[in-house]
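*Asks:* Numbering of the sequence shown is given in the working numbering, commencing with residue 24 and proceeding in unit increments. Cβ coordinates follow ideal geometry from the N, Cα and C atoms, glycine included. The model shown is predicted, which means the values in this text are computed figures rather than measured ones. There's a structure below that I have some questions on.
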Amino acid sequence: MTNDYSEYLIYRQWMSCALDLAQIAGDADEVPVGAVIIDSSGSLIAQGENRKERDNDPTAHAEMIAIRVAAQKLRTWRLNQCTLYVTLEPCPMCAGAIVQARIGLLVYGVDDPKTGAIRTVTNIPDSAASNHRLRVIGGILESSCRQQLQAWFANRRHISH
Numbered sequence: 024m025t026n027d028y029s030e031y032l033i034y035r036q037w038m039s040c041a042l043d044l045a046q047i048a049g050d051a052d053e054v055p056v057g058a059v060i061i062d063s064s065g066s067l068i069a070q071g072e073n074r075k076e077r078d079n080d081p082t083a084h085a086e087m088i089a090i091r092v093a094a095q096k097l098r099t100w101r102l103n104q105c106t107l108y109v110t111l112e113p114c115p116m117c118a119g120a121i122v123q124a125r126i127g128l129l130v131y132g133v134d135d136p137k138t139g140a141i142r143t144v145t146n147i148p149d150s151a152a153s154n155h156r157l158r159v160i161g162g163i164l165e166s167s168c169r170q171q172l173q174a175w176f177a178n179r180r181h182i183s184h
């Protein structure tokens, strides 16, 4: 087994955890997005799922919640030894927070064609506005992440008609 393959298995494992959190959000009538943060030893240190509706907070995205928890737990805002896993490509707000937190590696599931700010619509990490070079891996459990989001939105459209 190669190191690349074992890393890929780890990426899938943690993305599965993020998908479970996304399901919790979706079941609570939130857009189903989940995020986990893993430290350099491979331990889960923070997690979050979308909570905008429940908390009446426009910043309560899964990534933002996980970053806040991780920074408090580690007692530093510099999360450069951490990996953030999130089911959907981060929006501009979350991409900015990821850069500000100096996340070491971002792993995400599916591109966001409307607000994706990592690679799809815009590229905040590689822009002149970024003072941190973020490593990014996209497409981990992409079809599962996409299917979860599409099913949730299809259900919302069905309910509203």
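Give the straight-line distance between the Cα atoms of E165 and V133, rounded to the nearest whole angstrom.
*Replies:* E165 and V133: Cα-Cα distance of roughly 5 angstroms.
*Asks:* Can we say the stretch 110-126 touches the stretch 138-146, given the rule of at least three CB pairs closer than 8 angstroms?
*Replies:* Touching, per the Cβ criterion.
*Asks:* Classify V92 as helix, strand or coil using the three-state DSSP reduction.
*Replies:* DSSP places V92 in helix when its eight states are reduced to three.
*Asks:* Determine contact between the stretch 122-133 and the stretch 87-107, defined as no fewer than three beta-carbon pairs at a distance below 8 angstroms.
*Replies:* A contact exists between the stretch 122-133 and the stretch 87-107.
*Asks:* Which residues in the same chain have their Cβ closer than 6 angstroms to the Cβ of Y108, if we skip the five residues on either side of it in sequence?
*Replies:* Closer than 6 angstroms at Cβ, skipping near neighbours: W37, M38, A41, V59, V130.
*Asks:* Give me whichever residues DSSP pairs with A162 in a beta bridge.
*Replies:* It is Gly, not Ala, that sits at residue 162 in the sequence shown. For G162, which the question treats as bridged, DSSP gives no partner whatsoever.
*Asks:* Could you check where the beta strand (DSSP E) with G71 kicks off and where it finishes?
*Replies:* Note, G71: beta strand (DSSP E), 67-72.
*Asks:* For a quick check, are the C-beta atoms of G119 and C105 less than 9 angstroms apart?
*Replies:* Against a cut-off of 9 angstroms, the Cβ pair of C105 and G119 comes out as no contact.
*Asks:* Look at the alpha carbon of N79 and the alpha carbon of L111, and state the distance between them as a whole number of angstroms.
*Replies:* Roughly 21 angstroms separates the two Cα atoms.
*Asks:* A177: which of Y34, G49, Q70 sits nearest, CA to CA?
*Replies:* When each option's Cα is compared against that of A177, the closest is G49.
*Asks:* On the DSSP bridge assignment, give the partners of A58 in chain order.
*Replies:* G71, V109, per the DSSP bridge assignment.
*Asks:* Under 8 angstroms Cβ to Cβ from M33, same chain only, skipping five residues before and after it: list those, please.
*Replies:* The sequence shown places Ile at residue 33, not Met. G65, listed in sequence order.
*Asks:* If you follow the alpha helix (DSSP H) that G49 is in, where does it begin and where does it stop?
*Replies:* Its alpha helix (DSSP H) spans residues 26-50.
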